[in-house]
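Q:
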C-alpha cells in the first residue's frame, strides 16, 4: 500500500462547570434566562476591551489534561479566529491554534 501513515487527531470542545464565563466575569446564564441579560462589554466584543481567561476553567482543563496523560507546554496562548457568520456578531471566536494548553494525551 505504500509508505502512508495513518494519523488520527481529535479536537475537543468542553464547557467547564464554572460560575463565570470563560473570558469575562459575567455569571453563566441559567437556561431560562432572558436574552442579553448576562452580557458585558467583553461578551459583546466591543472595541477596546480585552478578554481575560477564567482561572477556574483553565485549572479544570489542566486537571482533565493531566488525567488524560497529556503534555502541558510551558507556554500557551489564545487566538482570535475571524469569521463572518450571521450567528457570530462579534466576527471572531477565541480559540487555541498553535500553542494549546495540552497535547498528546491518551484516551
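In this note's numbering, the protein residues as written are 93 to 199.
Note that the Cβ used here is the ideal one computed from N, Cα and C, for glycine as well.
#1: How about residue 187 and residue 163: do their beta carbons lie closer than 8 angstroms?
#2: My parser needs the beta strand (DSSP E) runs of 3 or more residues fully inside the stretch 117-160; what are they?
#3: Would you identify the three-state DSSP class for residue 177, choosing helix, strand or coil?
#4: Would residue 112 pass as a contact of residue 120 if the rule is Cβ separation under 8 angstroms?
#5: Would residue 149 and residue 114 qualify as a contact pair, given that the criterion is a beta-carbon distance under 8 angstroms?
A: Well, looking at it:
#1: Within the chain shown, the letter at position 95 stands for residue 187. Within the chain shown, the letter at position 71 stands for residue 163. With contacts defined as CB atoms closer than 8 angstroms, residue 187 and residue 163 fail to qualify as a contacting pair.
#2: Taken in chain order, the complete beta strand (DSSP E) segments of 3 or more residues contained in the stretch 117-160 number zero; there are none.
#3: Counting from 1 along the chain shown, the entry for residue 177 is found at position 85. In the three-state reduction of the DSSP assignment, residue 177 falls in the coil class.
#4: By 1-based counting over the chain shown, the position of residue 112 is 20. By 1-based counting over the chain shown, the position of residue 120 is 28. Judged by beta-carbon spacing, residue 120 lies within the 8 angstroms limit of residue 112, meaning their Cβ atoms are closer than that value.
#5: Within the chain shown, the letter at position 57 stands for residue 149. Within the chain shown, the letter at position 22 stands for residue 114. For residue 149 and residue 114, yes; Cβs fall inside 8 angstroms.
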